[in-house]
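Read through the structure below, which is laid out as structure tokens, and then see the notes.
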Amino acid sequence: MLDHYKQDYNKQRQQFVLIDQLGLVLEYTGILLPIKKGQNLKELHPFFESLDALLAMPNPEFSFYCVHLDLGTEDLIADIDMVRKKEGMLLVIHDLTEHYNSYQAVAQARNESIINEELIVLKNTELEERERFKNLFIQNFSHELRNPLMSSMAITQILSDTSLSSEQEQLLEVLRDSNTHLKLLLEDTLSISMIASGKLVMKNTLFNLHKMLDLLSFTYKTKAKAKGLQFTYKAAKQVPEYVEGDRLRLYQVLTNLLDNALKYTVKGSVSLTVGFNQQWANKVHLHFEVTDSGPGIPEDKQPTIFETFSQLASPDKQQGTGLGLALVKGLLALMDSTIVLHSATGKGSTFSFDLGLKVPLQSAMQQQIDIGSAATSRKMGSPGRKYKLLLVEDDERVLTVLFKMLMDSDQFYIDVLTDGGEVLETVIQNEYDLILMDINLPNTRGDHITRIIRDFPFKNVKQLPIIGMTAYAYEDHMQAYKEAGMNTVLAKPFDKEELLQNIFMLLHS
Amino acid sequence: MQRSKKVVILGHFGVGKTSLIRRFVTNQFSDQYKVTIGVHISKKVVTLSAEESISMILWDLEGTDSLDQVRDAYLLGTHGVIFVFDVTRPSTFQQLNSDLKIVSKKLPERPLLVVGNKKDLVSEKDLNELLLSHNISHDFLTSAKTGDTVEDVFLNLATLLNTDA
Ligand SMILES: Nc1nc2c(ncn2[C@@H]2O[C@H](COP(=O)(O)OP(=O)(O)OP(=O)(O)O)[C@@H](O)[C@H]2O)c(=O)[nH]1
Ligand SMILES: [Mg+2]
Numbered sequence: 005m006l007d008h009y010k011q012d013y014n015k016q017r018q019q020f021v022l023i024d025q026l027g028l029v030l031e032y033t034g035i036l037l038p039i040k041k042g043q044n045l046k047e048l049h050p051f052f053e054s055l056d057a058l059l060a061m062p063n064p065e066f067s068f069y070c071v072h073l074d075l076g077t078e079d080l081i082a083d084i085d086m087v088r089k090k091e092g093m094l095l096v097i098h099d100l101t102e103h104y105n106s107y108q109a110v111a112q113a114r115n116e117s118i119i120n121e122e123l124i125v126l127k128n129t130e131l132e133e134r135e136r137f138k139n140l141f142i143q144n145f146s147h148e149l150r151n152p153l154m155s156s157m158a159i160t161q162i163l164s165d166t167s168l169s170s171e172q173e174q175l176l177e178v179l180r181d182s183n184t185h186l187k188l189l190l191e192d193t194l195s196i197s198m199i200a201s202g203k204l205v206m207k208n209t210l211f212n213l214h215k216m217l218d219l220l221s222f223t224y225k226t227k228a229k230a231k232g233l234q235f236t237y238k239a240a241k242q243v244p245e246y247v248e249g250d251r252l253r254l255y256q257v258l259t260n261l262l263d264n265a266l267k268y269t270v271k272g273s274v275s276l277t278v279g280f281n282q283q284w285a286n287k288v289h290l291h292f293e294v295t296d297s298g299p300g301i302p303e304d305k306q307p308t309i310f311e312t313f314s315q316l317a318s319p320d321k322q323q324g325t326g327l328g329l330a331l332v333k334g335l336l337a338l339m340d341s342t343i344v345l346h347s348a349t350g351k352g353s354t355f356s357f358d359l360g361l362k363v364p365l366q367s368a369m370q371q372q373i374d375i376g377s378a379a380t381s382r383k384m385g386s387p388g389r390k391y392k393l394l395l396v397e398d399d400e401r402v403l404t405v406l407f408k409m410l411m412d413s414d415q416f417y418i419d420v421l422t423d424g425g426e427v428l429e430t431v432i433q434n435e436y437d438l439i440l441m442d443i444n445l446p447n448t449r450g451d452h453i454t455r456i457i458r459d460f461p462f463k464n465v466k467q468l469p470i471i472g473m474t475a476y477a478y479e480d481h482m483q484a485y486k487e488a489g490m491n492t493v494l495a496k497p498f499d500k501e502e503l504l505q506n507i508f509m510l511l512h513s
Numbered sequence: 699m700q701r702s703k704k705v706v707i708l709g710h711f712g713v714g715k716t717s718l719i720r721r722f723v724t725n726q727f728s729d730q731y732k733v734t735i736g737v738h739i740s741k742k743v744v745t746l747s748a749e750e751s752i753s754m755i756l757w758d759l760e761g762t763d764s765l766d767q768v769r770d771a772y773l774l775g776t777h778g779v780i781f782v783f784d785v786t787r788p789s790t791f792q793q794l795n796s797d798l799k800i801v802s803k804k805l806p807e808r809p810l811l812v813v814g815n816k817k818d819l820v821s822e823k824d825l826n827e828l829l830l831s832h833n834i835s836h837d838f839l840t841s842a843k844t845g846d847t848v849e850d851v852f853l854n855l856a857t858l859l860n861t862d863a
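And the structure:
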């Protein structure tokens with residue numbers, strides 16, 4: 005009985021076929037393949053066409069796994085064993101369709117996920133590469149703009165010192181505004197791309213927060229008044245006077261928010277509020293808020309306004325690129341904070357963020373403040389003595405401008421070199437008080453020359469104060485120039501006041 | 699006179715082996731990816747001249763990560779080889795040279811064509827740069843999707859197999 009069942013069972017799942025040397029069916033059992041005695045298997049399926057080669061081989065046995073023998077009707081996936089016999093070849097065909105179909109599903113999932121992952125990685129690498137290229141381009145581009153902007157700013161300054169008609173005065177004012185705006189845009193663009201490429205790092209120093217806020221309040225009260233707007237400033241009394249943080253970047257965040265508020269508000273008021281959240285050990289948590297009574301920002305626009313180059317369509321076409329808010333977002337992220345916006349059309353807007361700042365210990369603070377005030381008190385030059393400066397700069401326009409700035413102060417005798425190769429000789433033969441030197445010079449570089457000067461045996465040459473000037477104001481570059489021995493490095497564009505301050509700081513120390 | 703020649707199509711998974719055969723045999727293409735397991739065998743008769751034609755028995759093998767994993771039984775009695783890689787996926791051609799070494803060890807002295815598939819997905823310029831930077835020598839660049847250069851591959855191999863006798 006059981007034998008009968010077994011036969012029946014096997015009939016469904018196995019087939020034995022005996023073929024001769026030519027591939028003709030001699031005998032068979034089972035029903036898997038629709039074959040007849042005397043039939044040539046090669047005609048049944050191309051798999052068997054390759055049998056010729058096998059018949060000629062010396063091996064007594066072969067096994068083929070997972071062969072698809074689709075014969076038009078139903079799919080058959082089988083393992084096929086071949087055993088050499090004296091009559092010819094015995095084929096044993098095992099139907100494993102079900103088994104292989106479930107295996108196929110597994111392989112399908114596996115392969116698809118591997119390929120997807122691979123393509124995602126490729127895509128990301130490509131995007132990163134593009135982003136990197138974009139940032140590099142922006143950085144280089146903004147550096148290229150520094151020299152011409154520097155000339156433009158300086159010439160504006162020079163012109164304003166000449167006698168002008170009132171119409172010319174007005175035109176010059178417009179020019180000065182444009183310069184300032186351009187400089188700001190340049191700085192913002194650079195900052196954003198530096199943030200994006202991870203090159204911007206926060207520099208935490210001790211600073212007087214009250215003073216900074218007072219300055220902001222004063223500046224924006226004036227600006228608001230000029231636009232016929234109210235400006236209010238409120239700070240909680242627990243806000244500490246001295247904190248440790250990146251003053252410049254915090255200032256940048258607040259000015260951007262305030263400028264933005266002023267720009268879009270036509271009527272009403274703008275306010276700056278600094279609240280106190282809590283103080284833990286030596287860390288204070290503050291809440292900054294800039295509120296305006298402007299047109300408000302529709303809800304659907306809110307998620308995108310912090311993106312680079314997005315700007316609300318405004319009816320009176322305000323100038324600007326909308327870089328400010330993107331910069332705010334990026335800078336705050338570097339300070340471990342997030343900008344929050346509450347706004348609705350017609351209801352004005354409130355931009356706010358929480359910020360944790362270190363509050364320094366009393367003694368360390370006193371020391372730093374002393375240093376700070378000492379530096380500012382000996383800022384400007386004393387009358388009487390004139391200093392001898394060596395100015396090394398190859399860009400003619402910049403040179404003209406610098407020359408004029410320095411001459412105007414009437415405190416310097418100035419020698420000019422345009423070729424870095426002549427610096428060393430000139431320095432040895434003359435007694436200078438200070439060198440003002442561009443970094444990128446024809447034939448050589450300012451930082452290289454500095455290195456050589458610092459290695460000189462003569463004390464008067466070796467210790468000569470050197471101020472570098474560069475349009476490539478990357479943090480790491482600036483640092484490298486200082487390591488080469490430059491006392492100070494100025495990033496172009498700079499203005500007359502910045503230049504003179506730095507010169508006198510060195511001359512008097 | 700018509701002779702049968704067994705051709706195996708090798709390469710990593712998903713490179714388009716099945717699609718190339720499908721394009722050549724039935725002139726069809728599908729965007730759907732159905733992973734091949736084991737082997738599918740199909741056949742196409744190629745006419746070389748008025749008197750000569752070859753019946754190509756095309757063994758479409760499952761893709762593997764490495765050619766070491768190919769089951770030897772599948773390769774028995776092979777006359778010619780097509781190795782396919784995917785020009786959009788570096789993992790399928792990064793070890794091309796060692797892959798080809800394995801092929802020529804397992805199947806010495808058989809005609810072998812190296813094919814970069816899916817060329818429709820990359821620009822010609824990027825493609826050339828890519829191949830150059832990876833130091834890849836290929837015989838054909840194809841697209842199973844558009845049919846570009848697909849027939850050339852098989853006809854070229856047929857000719858090689860024919861002169862091989
Ligand atoms: N764009 C494009 N897609 C292709 C081309 N060739 C194949 N594909 C797609 O690539 C995927 C994989 O193709 P298959 O032919 O199944 O690849 P395979 O090499 O047989 O894969 P395995 O059987 O797993 O080894 C499918 O989604 C195809 O539609 C081509 O030339 N161009
Ligand atoms: Mg396949």
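Line order of the protein sequences matches chains A and B. First residue of the first sequence: 5, per my numbering; consecutive thereafter. First residue of the second sequence: 699, per my numbering; consecutive thereafter. Glycine included, every Cβ here is placed at the ideal spot set by N, Cα and C. All figures in this text were calculated on a predicted structure; none of them were measured in a lab.
Using 7 Å as the cut-off, classify the Cβ of T734(B) as near or not near the heavy atoms of ligand 1, replying yes or no.
yes
Could one say the Cβ of H72(A) lies closer than 8 Å to chain B's Cβ atoms, at least one of them?
yes
Tell me which residues share the same chain as A240(A) and place their Cβ nearer than 7 Å to its Cβ, disregarding the 5 neighbours each side in the sequence.
For A240(A), the CB contacts under 7 Å within the same chain, skipping 5 residues up- and downstream, are V278, G279, F280 in chain order.
Going by beta-carbon coordinates alone, are D296(A) and T269(A) separated by less than 8 Å?
yes
Report the residue from N447(A), V125(A), E65(A) whose alpha carbon sits nearest the alpha carbon of K90(A).
E65(A)
Would you call the region 700-708 of chain B and the region 767-779 of chain B in contact, with 3 or more CB pairs under 8 Å?
Three or more pairs of CB atoms, one per stretch, sit closer than 8 Å, so the region 700-708 of chain B contacts the region 767-779 of chain B.
Check whether the Cβ of E191(A) lies closer than 8 Å to any Cβ atom in chain B.
no
May I ask you to report which of helix, strand or coil DSSP gives V706(B)?
strand
Tell me whether N815(B) counts as near ligand 1, meaning its Cβ is closer than 7 Å to at least one heavy atom of that ligand.
Checking every heavy atom of ligand 1 against the Cβ of N815(B), one is found closer than 7 Å.
S273(A) by DSSP, collapsed to three states: which one?
In this structure, S273(A) counts as strand in the three-state DSSP scheme.
Would a check of beta-carbon distances place P461(A) closer than 8 Å to chain B?
no
Which value, in whole angstroms, describes the spacing of the CA atoms of K586(A) and G360(A)?
Past the edges of chain A, shown from 5 to 513, lies residue 586(A), and the structure says nothing about it.
Using the three-state DSSP reduction, which class does F722(B) fall into: helix, strand or coil?
helix
Ignoring anything shorter than 3 residues, give me the beta strand (DSSP E) runs that lie fully in the region 475-504 of chain A, in order along the chain.
492-495
Interface residues of chain A around V733(B) at Cβ under 7 Å?
Neighbours of V733(B) on chain A, chain order: Q108, A111, Q112, N115.
Count the other CB atoms within 10 Å of the CB of H446(A); is the residue buried (16 or more) or exposed (fewer)?
Per the sequence presented here, residue 446(A) reads as Pro, with His not at that position. Flag for P446(A) reads exposed.
Does any residue of chain B have a CB that is nearer than 8 Å to the CB of D24(A)?
no
Compare the C-alpha of P38(A) against each of L504(A), K333(A), K15(A) and name the closest.
K15(A)
So, does the CB of V737(B) fall closer than 8 Å to a CB anywhere in chain A?
yes
Closer than 7 Å to a non-hydrogen atom of ligand 1 - does that hold for the CB of D340(A)?
no
On the DSSP bridge list, what partners appear for V344(A)?
S356(A)
If you pair each beta-carbon of the region 138-152 of chain A with each one of the region 198-212 of chain A, do three or more pairs fall below 8 Å?
yes
So K333(A) and F310(A) are supposed to be a Cβ contact under 8 Å. How far apart are they, rounded?
4 Å
Is there at least one non-hydrogen atom of ligand 1 closer than 7 Å to the beta-carbon of A842(B)?
yes
Under 7 Å from any heavy atom of ligand 2, does the C-beta of G761(B) make it?
yes
With 16 other CB atoms within 10 Å as the buried threshold, where does D192(A) fall?
buried
Is the CB of G712(B) under 8 Å away from at least one CB in chain A?
Judged by the 8 Å Cβ criterion, G712(B) is in contact with chain A.
Would you check whether ligand 1 has a heavy atom nearer than 7 Å to the C-beta of V737(B)?
no
Thinking L45(A) and L55(A) are a contact (beta carbons under 8 Å), I'd like their distance in whole angstroms, please.
7 Å
Counting only Cβ pairs nearer than 9 Å, list the residues of chain A close to K704(B).
E53, S54, A57
Who are the neighbours of N347(A) on chain B, taking C-beta pairs under 7 Å?
According to the sequence provided, residue 347(A) is Ser. The question's Asn does not apply to it. By Cβ distance, chain B contributes nothing, its closest Cβ being about 44 Å from S347(A), past 7 Å.
Measure the C-alpha to C-alpha separation of T870(B) and G350(A) and round it to an integer number of angstroms.
What the structure shows of chain B is the stretch from 699 to 863, and residue 870(B) is not part of that stretch, so it cannot be assessed.
Please report the residue range of the alpha helix (DSSP H) in which G334(A) lies.
327-338
Beta-carbon of K816(B) versus every beta-carbon of chain A: anything under 8 Å?
no
Of the choices G42(A), M339(A), I119(A), whose alpha-carbon is the least far from that of E248(A)?
M339(A)
Quick test of your reading: K496(A) and T474(A), contact by CB under 8 Å. State the CB separation rounded to the nearest angstrom.
Between T474(A) and K496(A) the Cβ distance is about 7 Å, and since that is below 8 Å, they are a contact.
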